[in-house]
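Sequences listed follow chains A and B, in order.
As numbered in UniProt numbering, the first sequence has no gaps in its residue numbers, which increase by one up to the final residue, 339.
As numbered in UniProt numbering, the second sequence has no gaps in its residue numbers, which increase by one up to the final residue, 331.
Every residue, glycine too, gets a C-beta built ideally from N, C-alpha and C.
Below is one structure; the comments refer to it alone.
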Amino acid sequence: MDHLLEIKDLSVVFHIFGADVQAVRGISLQLNKGETLAIVGESGSGKSVTSKAVMGLIPNPPGEIATGEVLFEGKDLVKYSKKQMQKVRGKDISMIFQDPMTALNPTMKIGKQIMEGLIKHQSLSKHDAKNRAIELLQLVGIPNPEKRVDEYPHQFSGGMRQRVVIAIALACNPKILIADEPTTALDVTIQAQILDLMRGLQEKTGTAIILITHDLGVVANLAQRVAVMYGGKIVETGTLDEIFYNPKHPYTWGLLSSMPKLHAKTDKLLAIPGTPPDLSNPPKGCPFAPRCPHAMKVCTEHMPAYTELSATQKAACWLLDERAPKVDPPATIGVGGES
Amino acid sequence: MAEKTEKLLQVKNLKKYFNVSRRDVLKAVDGVTFDVYKGETLGLVGESGCGKSTTGRTIIRLYDPTEGEVIFDGQDVGGKLSLKSKKELSKRMQMIFQDPYASLNPRMMVKDIIAEGIDIHHLAKSSKERMDRVYEMLETVGLNREHANRYPHEFSGGQRQRIGIARALAVDPDFIIADEPISALDVSIQAQVVNLLQELQEKQGLTYLFIAHDLSMVKHISDRVGVMYLGNMAELATSDEVYDHPLHPYTQSLLSAIPVADPKLERTRERIILQGDVPSPIDPPSGCRFRTRCPFAMDVCAKVRPKWHEVEKGHWVACHLHDEGLKTEKA
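Put into C-alpha cells, the structure is as follows:
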C-alpha cells in the first residue's frame with residue numbers, strides 16, 4: 001500500500017549542554033490518507049521533535065537529523081532545501097501549535113494572517129484571499145466573520161484563537177495536518193468544541209491528521225491509530241482498540257493505569273516509579289527497563305526488536321519473546337466499553 | 001468511608017473583588033459558601049477564571065477577603081488579623097502550589113526550603129533537631145537524606161513537587177490547600193504524587209482542599225467535590241453523587257466534555273457541547289452566571305440569582321431548575 005507519509009529510521013540529535021541529546025532514536029511510522037494517527041508519550045519522549053522533523057523545523061544548529069528519511073508522497077523531505085520546504089509547509093503539510101496565545105502574530109489582523117498562505121501558495125488576489133479567509137472563519141465556527149476578519153488576536157478568546165489557528169492551517173487544503181497538543185492549553189468545555197470541530201473538518205476535507213498529545217482521552221476521541229513513544233523510541237503501535245484494550249508493552253500498561261477512570265472506582269492509581277531516561281546518555285537496552293516492573297537482565301543489555309502481534313499492532317518488548325516468562329497485564333487493562 | 005462531620009473550615013459568603021481599573025471591578029469570587037470536614041478531601045473544580053484558586057488563596061490569607069467569613073476550627077480568620085494570629089494560622093494551614101519550577105527559591109538549598117517554616121515558628125530547639133526534622137520530611141515524601149544539600153534545579157518536576165509537599169508538611173499542619181498540585185506534571189508522575197498525597201492523609205489525618213481542573217483526578221482523590229463557575233459555586237456533593245447524578249446543567253456539560261480514555265465508550269457517548277466562552281468576570285451576566293451558555297435557561301434566570309440551597313442531604317446546588325417553586329413547572 002502506498003502511504004501518504006512514511007518516516008523511515010528517523011534519528012534527531014541536539015548538540016547541547018556539551019553532549020548529544022538523542023531526542024529521537026530511529027523511529028519508523030506510516031500515515032495513510034485521511035486517517036488520524038496519534039503519537040502519545042510524556043514530555044521528552046520525542047513526539048514533538050518527530051513532528052518538527054516532518055515539517056523541517058528542527059533548528060540547525062543545535063539540532064540535526066542524523067539518519068533517516070521522511071517520505072512524503074515518495075519524495076524525501078529531509079533532502080529538501082529551505083526554499084523547497086517553504087513550498088511544502090503550509091500547502092501540503094501544515095501545523096497547529098499548542099499555545100494559541102503565542103502562535104498568532106499580535107500585530108497583524110487575523111484576516112491578514114490567514115491570507116498570507118493563500119496569496120503565497122495559491123496566488124490568489126488580495127480580494128479573493130480575503131473572501132476565502134472569511135469563508136474559512138465561518139468554517140471553523142467564528143460568528144460574524146466579515147467583521148472579525150479585521151480584528152487583532154487580542155480581541156479573541158483562547159478557544160477562538162485556536163479556531164483561527166486551525167483556519168490558517170487549513171487555508172490551502174493541506175494533505176497532512178500536524179496537531180501538536182491542540183487542546184492542552186484550553187479548558188475542557190472549549191476542548192470539546194475544538195475536538196468536535198477537528199473531527200467535522202476531517203470528514204469534510206479528508207485531511208490526514210498527526211495528533212500529538214499526552215492525553216489519552218483526546219486520543220480515544222479523535223484517533224484511529226496510535227503510536228506510543230518512550231525515550232525517543234516507538235515502543236508500541238496499533239489501532240485505537242488494540243492499544244486501549246489489548247496493549248502488550250508494559251509502558252502502555254503503566255500509561256493506561258496511571259490515569260484515574262471517570263466511570264469506575266479506583267482505589268489506588270498504579271503509578272510508574274522513577275523518571276524518564278536522560279537522552280544525552282540513553283540506556284543501552286530498552287529505555288523503559290529501569291522503570292519496568294517486569295524487567296529482566298536482557299532488557300538492560302539489548303534493545304528488543306518489534307514483535308508483530310497482528311497486521312496492525314507491533315510492540316518492542318522482550319516479554320513478547322518466546323523464551324520470556326508469561327506476564328499478565330494489570331487487571332485494569334482491557335476492560336472498558338461499558339460503565 | 002466513615003462519615004466525617006466535624007467542621008474544620010467554614011466558608012460563608014466569601015467574596016474577593018479586585019480593582020482592575022478606576023471603573024472596573026473584577027469579581028473573582030462572588031459569594032461562595034461551603035464547609036470542609038476534618039480528615040476529608042474537598043475538591044474544587046472549574047474552568048480557568050472561575051475563582052477556584054482565588055478561593056484557596058483567600059482562605060489562606062494570601063489575599064484579604066472583600067466580604068464574608070472564614071472560620072477555621074471555630075475561630076474567625078477572615079477579618080483583620082494581627083501578625084501573631086496570622087503566623088499561628090500559617091502553622092496550621094499550608095499550601096502546595098501548581099508550578100514546582102516557580103514555587104521553590106532557586107538560590108536556597110532544599111534543607112533551607114523545607115526548614116523555613118520550622119525556623120519561623122521556632123519548632124526546632126537545636127540545629128540537630130532541625131536537620132532531623134528535614135531528613136524525616138524528605139523520607140516521608142520519598143526523597144533521600146542526600147537531597148538536603150542540593151538546589152532545586154537539580155531535581156525533576158515530580159521531585160520538586162515532593163519538596164513542595166515536604167515544605168508544607170514541615171510545620172505539621174492540619175489543613176493543606178493544594179492548588180493544582182499535579183497539572184504541571186507528566187501523567188505517570190501525576191499518579192505518584194496523588195498516591196503520596198493520599199498516603200500522607202491516611203497516616204497523618206490531614207484535611208485537603210484540592211483545587212484542580214482535571215475532573216477525573218479530582219473525582220479520584222476527593223470525598224466531596226464543589227463545582228465553580230465564574231466566581232460562584234454551582235454544585236457541591238459527594239464525589240460519587242456529583243459524577244453519577246449531577247443536577248446543575250453546568251456540571252452535566254462539564255462531565256460530558258471530558259474525553260474518556262476508553263474508545264468504545266467515547267464512540268457511543270452523547271455529549272453536551274456548550275456554545276461560546278465563559279463571560280468576563282468584570283461584567284458578568286445578571287441573575288444566574290451560567291445562563292448565557294445554559295441549554296435550559298429560562299426568563300427567571302436572567303432576573304434572579306439562584307439560591308444556594310441543599311436539595312438532598314449533603315447535595316447543594318444553585319440553579320432555578322431545582323428551586324422548589326419551579327420544580328413542578330419543569331416536571
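Contact note: M229/A does not reach chain B at a C-beta cutoff of 8 angstroms; the least C-beta distance is about 13 angstroms. When beta bridges are read from the DSSP output, T54/B appears opposite no residue.
Sorting I27/A, L222/A, M115/A by C-alpha distance to the C-alpha of Q202/A places L222/A at the top. Fewer than three Cβ pairs drawn from the stretch 178-194 of chain B and the stretch 113-124 of chain B lie within less than 8 angstroms of each other, which leaves the two stretches out of contact. No Cβ of chain A is located within less than 7 angstroms of the beta carbon of L206/B. In the three-state reduction of the DSSP assignment, Y229/B falls in the strand class.
Within chain B, the C-beta atoms nearer than 7 angstroms to that of S43/A come from D186, in chain order. In the three-state scheme derived from DSSP, where H, G and I count as helix and E and B as strand, Q30/A is classed as strand.
Taking a beta-carbon distance threshold of 7 angstroms, G159/A counts as an interface residue toward chain B. Boundaries of the beta strand (DSSP E) around L5/A: 5-16. Interface flag for P263/B against chain A is set, since a Cβ pair is found closer than 7 angstroms.
Interface flag for I272/A against chain B is set, since a Cβ pair is found closer than 7 angstroms.
A contact is defined here as three or more CB-CB pairs under 8 angstroms, and the stretch 133-151 of chain B meets this definition with respect to the stretch 98-111 of chain B. Taking a 10 Å sphere around the C-beta of P295/B, we find fewer than 16 other C-beta atoms and assign the residue as exposed. Between A38/A and chain B, the shortest Cβ-Cβ separation is not below 7 angstroms. Distance from the CA atom of K80/B to the CA atom of R57/B, rounded to whole angstroms, is 16 angstroms. Between V24/A and V49/A, the gap from beta carbon to beta carbon is short of 7 angstroms. Taking the CA atoms as reference points, G217/A sits about 16 angstroms from T332/A.
Using a CB distance below 7 angstroms, the part of the stretch 247-263 of chain B facing chain A consists of S253, L254, A257, I258, P259, V260, A261, D262, P263, ordered along the chain. Taking 7 angstroms as the Cβ-Cβ cut-off, the stretch 191-204 of chain B approaches chain A at A191, Q192, V194, N195, given in chain order. Using a Cβ-Cβ cut-off of 7 angstroms, T252/A does not count as an interface residue toward chain B, since no Cβ of chain B sits closer than that to its own. With fewer than 16 other CB atoms across the displayed protein chains lying within 10 angstroms of its CB, F17/A is exposed. Proximity of chain B to H249/A at the Cβ level (cut-off 9 angstroms) is not reached, the minimal Cβ distance being about 14 angstroms. The criterion of a C-beta distance shorter than 7 angstroms is not satisfied by P330/A and L262/A. Sequence-distant Cβ neighbours of T300/A in its own chain, meaning closer than 6 angstroms and more than five residues away, are G285, A289.
Of the residues assessed, P259/B falls on the buried side of the cut-off, its CB having 16 or more other CB atoms within 10 angstroms. Counting only Cβ-Cβ distances below 7 angstroms, L274/B has contacts in chain A at T189, in chain order. The contact set of F288/A on chain B, defined by CB atoms closer than 8 angstroms, is empty, because the minimum CB distance reaches about 11 angstroms. The residue from S127/B, F155/B, V70/B, K86/B with its alpha-carbon nearest to that of P106/B is F155/B.
By the C-beta criterion, the stretch 223-240 of chain B is judged to be in contact with the stretch 42-51 of chain B, since at least 3 inter-stretch pairs fall below 8 angstroms. No residue range can be given for H122/B, since it is assigned to no beta strand (DSSP E) and is classified by DSSP as neither H nor E. DSSP places I273/B in no beta strand (DSSP E); its state is neither H nor E. In the DSSP secondary-structure assignment, R89/A is bridged to I93/A. For T55/B, the number of other beta carbons within 10 angstroms of its own is at least 16, and it is reported as buried. Its Cα nearest to that of F175/B, the residue Y37/B stands out among R271/B, Y37/B, K87/B, H220/B. The criterion of a C-beta distance shorter than 7 angstroms is satisfied by I93/A and P174/A.
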